[in-house]
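Chains as they are written, first to last, in this note's numbering: chain S, 1 to 580; chain G, 1001 to 1291. By construction, the Cβ of each residue, glycine as well, lies at the ideal position given by its N, Cα and C atoms.
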């Protein structure tokens, strides 16, 4: 985040149909400046009454109140003690929430009065960081940054149910509130030095110490009868530290490179995971317009990402290395070329290959939700491989600017215990990703923008068929093994893990902005369309069932796939912005 | 202009919110048609195979009739001559499998990959009756039962002792809380025969992912027992192979978790190469409750 304006007070307010934001920056005295921004979407505020109205037409007795928004806040203060010494304090807080509340009024046949029953369910993600950084210049060739950082990432899943008798005082409200909460918290202290020894060598070195606190997931249940209980695995702590040294080298005009070594350790409980991580890169300019680069790095990552890949909303969960589960380790190598093309175009192409060991996946039948089981018992440890190429075409200057990025990638996982030992695609394996962003100055005061995104659908484990279970009826003893499970006639055949795909994701956003210099600042009207051609990109899929009867005939079960798309239609928007 | 845009947005938003949930094409995620075979064999009976073609996820019709397959059984690498008859999609051979033989089964159906599986029936356990009393015991709830204790000696593991209750009241149920859970990875299935009628209960001991053993009672009624008048009672103990237990474990896991959207789906275990299904065997031991 950039520093606040040191010279004068400046600001910006933007009010739009689906979101508003504001920014203010300026000096505080001669040596201090600040910058704050805040943003909040309120699409749900507009959409909610409409959804409620439409739903009322179909289900008059049910009230729906959907909520979907994100909000964030950024703030930064910097203070200049002297030309050599500066202090920065920044903070970020953001939250995404998706929830739905429903209420239905029904009549109690015994009492002859109305009662209200309903529920609320949803998800909440939150991220908070705060950083205090001190920058000190020892000499024109040597400076250091020392920072103290706090961060917290968490998510909640909640399901609430209630019943109220508003007309009967003697009947107390009945409710059941269920909450699943998981978070990861870091406090980190680090110092980084940057030392330009001469024109050939620039040294970078530093040290870091981080304390990690992880709440793997607690499930709490609060009932109206007074019951209040929390179930969950105990929190886990860890210390992470590293020192590093890197040398950025330049040999003449054409050849440059970097070589370095990171020594890190992660300590949790009684276990220490030390690691040496060499890193190197080299760049050579063959021709004034053509540069080739190559790199290699080893890494250790004491955080693991866990995802499930069935139906339902995808939720990423971060878990730390523990005494039982080692950090993930890996190495990556890349080779690329960058070339200047006519028309101020720059093209870069890079191929990469990455191997990882100690990555985690949920075992079959497990997910984050069952708090009675230690999360370490729910996961399997395996390896991963990723490879592919990235292509970037840029036009940074001129009346029309823009860039196009394309990635062709593969990402595999292999676990002895999972998928019968066969490798399978990672949940976020995407074969093609294409992003196109164009911006043009149509007139002196008019800009137009276009952004198009395309990505192969994520890999999922979805039923691909149904198979009958082993049927023992008719065997000599006359018994039917699964007779007592009337719904156990067949099972879902999933094929290989993650062998299905979400539909491909693509979306076009268009905008046009009119700027006008006013007496006190610049006014900008922006009009645009989000998801211009109304692509229904599903967030998740579900398999639905219903029974149907034709002309009074027998009821026959029908099955169908249902998708949920949060933005299923073009969403026009406008905003008014005033910057002073 | 602004009013128009606002109105247009509201209308489109309303349309959009209605379309948040929508059905997608039926056959997008698989059309079925994968060949599979299930077979649970025992030396006391001819070996039979249930063949099937998977149905598409959204297909609610019946499983289709499988064309006549070419079924081959190799016993210790020697091809076994077979005569095959069919009833629906169940194919009966005239061959009785044996203990300790390395079997390879190959099944070819035109238009599908050849299915194959290797299987071997382990050495059977022996079982004996430790104690049995025809004097009923009254429970604190007013019920009555006949205590019964079995020893099952598994050649892989130690001798396991199982304590059962034969309920004296026919309509009462028992969940076998008195069953001793021992260190075995074989499933035990116990039947009680009274004359021509089978009264049965079942207990499966399944090895969990973490190595612990859990007992599943597949069935919420234990068995009906109406006393010892006029009939002889016989117990049948069935001892399953580990492949079948793994299969059953995965079926139970899939069923228990499939309604939870935040759970990784369970793939049902298969030991059939080239398709789906399970081929494994079981042993049977009979014990008579003598006078």
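What in chain G is Cβ-close to residue i, meaning under 7 Å?
i	result
residue 467 (chain S)	1036, 1052, 1054, 1276
residue 160 (chain S)	Within 7 Å Cβ-Cβ: nothing; residue 160 (chain S) doesn't reach chain G, min ~17 Å.
residue 99 (chain S)	Those within 7 Å of residue 99 (chain S) in chain G number zero; the least Cβ separation is about 14 Å.
residue 637 (chain S)	The structure shown does not extend to residue 637 (chain S), since chain S is modelled only from 1 through 580, so no value can be given for it.
residue 368 (chain S)	1262
Do the CB positions of residue i and residue j come within less than 9 Å of each other?
i	j	result
residue 296 (chain S)	residue 283 (chain S)	no
residue 22 (chain S)	residue 33 (chain S)	no
residue 315 (chain S)	residue 376 (chain S)	no
residue 1265 (chain G)	residue 540 (chain S)	no
residue 210 (chain S)	residue 144 (chain S)	no
residue 1277 (chain G)	residue 1119 (chain G)	no
residue 1096 (chain G)	residue 1061 (chain G)	no
residue 343 (chain S)	residue 399 (chain S)	no
residue 527 (chain S)	residue 570 (chain S)	no
residue 204 (chain S)	residue 247 (chain S)	yes
residue 133 (chain S)	residue 85 (chain S)	no
residue 29 (chain S)	residue 5 (chain S)	no
residue 1121 (chain G)	residue 1273 (chain G)	no
residue 1022 (chain G)	residue 568 (chain S)	yes
residue 333 (chain S)	residue 354 (chain S)	yes
residue 1243 (chain G)	residue 365 (chain S)	no
Beta strand (DSSP E) containing residue i: first to last residue?
i	result
residue 179 (chain S)	174-196
residue 377 (chain S)	Run containing residue 377 (chain S): none in the beta strand (DSSP E); it sits in the alpha helix (DSSP H), 375-378.
residue 1055 (chain G)	First-last for residue 1055 (chain G): undefined, no H or E at that position.
residue 319 (chain S)	317-320
residue 249 (chain S)	236-251
residue 1107 (chain G)	1103-1108
residue 355 (chain S)	345-362
residue 296 (chain S)	290-301
residue 1086 (chain G)	1085-1087
residue 151 (chain S)	142-164
residue 23 (chain S)	19-28
residue 113 (chain S)	113-139
residue 1122 (chain G)	Note, residue 1122 (chain G): premise wrong, no beta strand (DSSP E); not H, not E.
residue 584 (chain S)	The structure shown does not extend to residue 584 (chain S), since chain S is modelled only from 1 through 580, so no value can be given for it.
residue 505 (chain S)	505-517
residue 435 (chain S)	432-443
residue 1043 (chain G)	Unbroken run through residue 1043 (chain G): none, as it is neither H nor E.
residue 492 (chain S)	490-493
residue 108 (chain S)	85-108
Provide the residue span of the alpha helix (DSSP H) that contains residue i, from first to last.
i	result
residue 1245 (chain G)	1242-1257
In chain S, which residues lie less than 9 Å from residue i when you measure between Cβ atoms?
i	result
residue 1265 (chain G)	308, 309, 310, 311, 364, 365, 461, 462, 463, 492, 494, 497
residue 1289 (chain G)	Residues of chain S passing the Cβ test: none, with the nearest at roughly 17 Å.
residue 1268 (chain G)	467, 469, 491, 492, 493, 494
residue 1150 (chain G)	Simply none; closest approach about 18 Å.
Under 9 Å between beta-carbons, which chain G residues line up against residue i? List them in chain order, please.
i	result
residue 557 (chain S)	1060
residue 315 (chain S)	1262
Chain S partners of residue i, CB-CB under 7 Å?
i	result
residue 1126 (chain G)	The contacting residues do not exist; residue 1126 (chain G) stays about 19 Å from chain S at best.
residue 1115 (chain G)	Result: empty, since nearest Cβ-Cβ is about 13 Å, beyond 7 Å.
Taking residue i as the query, report the chain S residues whose CB atoms sit under 8 Å from its CB, ordered along the chain.
i	result
residue 1121 (chain G)	Within chain S, no residue comes near residue 1121 (chain G); the closest Cβ sits about 15 Å away, beyond 8 Å.
residue 1129 (chain G)	Those within 8 Å of residue 1129 (chain G) in chain S number zero; the least Cβ separation is about 19 Å.
Interface residues of chain G around residue i at Cβ under 8 Å?
i	result
residue 259 (chain S)	Those do not exist, as residue 259 (chain S) stays about 42 Å from chain G at its closest Cβ, beyond 8 Å.
residue 242 (chain S)	Per Cβ cutoff of 8 Å: no residues; residue 242 (chain S) is ~33 Å from chain G at best.
Give me the subset of the stretch 1057-1089 of chain G whose CB atoms are less than 7 Å from a CB atom of chain S, sorted by chain position. Answer in chain order: 1057, 1058, 1060, 1063.
For the stretch 1252-1264 of chain G, list every residue whose C-beta sits within 8 Å of some C-beta in chain S, in sequence order. Against chain S - using a Cβ distance shorter than 8 Å - the residues of the stretch 1252-1264 of chain G are 1253, 1254, 1255, 1256, 1257, 1258, 1260, 1261, 1262, 1263, 1264.
Contact the stretch 124-139 of chain S vs the stretch 148-164 of chain S: 3+ CB pairs below 8 Å: Taking 8 Å as the limit for Cβ pairs, the verdict is that the stretch 148-164 of chain S does touch the stretch 124-139 of chain S.
For the pair the stretch 1245-1252 of chain G and the stretch 1041-1059 of chain G, tell me if three or more CB-CB distances fall below 8 Å. With a cut-off of 8 Å, the stretch 1041-1059 of chain G and the stretch 1245-1252 of chain G do not count as touching, because too few Cβ pairs lie within range.
Is the stretch 97-114 of chain S close to the stretch 75-82 of chain S, with three or more CB pairs under 8 Å? Short answer: they don't touch.
Is it true that the stretch 378-387 of chain S meets the stretch 402-421 of chain S, where meeting means three or more beta-carbon pairs spaced less than 8 Å apart? Contact annotation: the stretch 378-387 of chain S touches the stretch 402-421 of chain S, with at least three C-beta pairs closer than 8 Å.
So, do the stretch 1101-1113 of chain G and the stretch 1056-1072 of chain G have three or more beta carbon pairs nearer to each other than 8 Å? As far as the Cβ criterion goes, the stretch 1101-1113 of chain G touches the stretch 1056-1072 of chain G, which means the pair count is three or higher.
Of all the residues that make up the stretch 543-554 of chain S, which are near chain G by a beta-carbon distance shorter than 9 Å? Sequence-ordered contacts of the stretch 543-554 of chain S with chain G read 543, 544 [C-beta pairs closer than 9 Å].
Using Cβ-Cβ distances below 8 Å, what residues of the stretch 563-578 of chain S are close to chain G? Flagged, chain order: 563, 564, 565, 566, 567, 568, 569, 570, 571, 572, 573, 574.
Just checking, does the stretch 458-465 of chain S make contact with the stretch 432-446 of chain S on the three C-beta pairs under 8 Å criterion? Cβ pair count under 8 Å is below three, so no.
Counting Cβ pairs, one atom from each stretch, are 3 or more of them under 8 Å apart for the stretch 492-508 of chain S and the stretch 417-426 of chain S? Because the criterion of three Cβ pairs below 8 Å is met, the stretch 492-508 of chain S and the stretch 417-426 of chain S touch.
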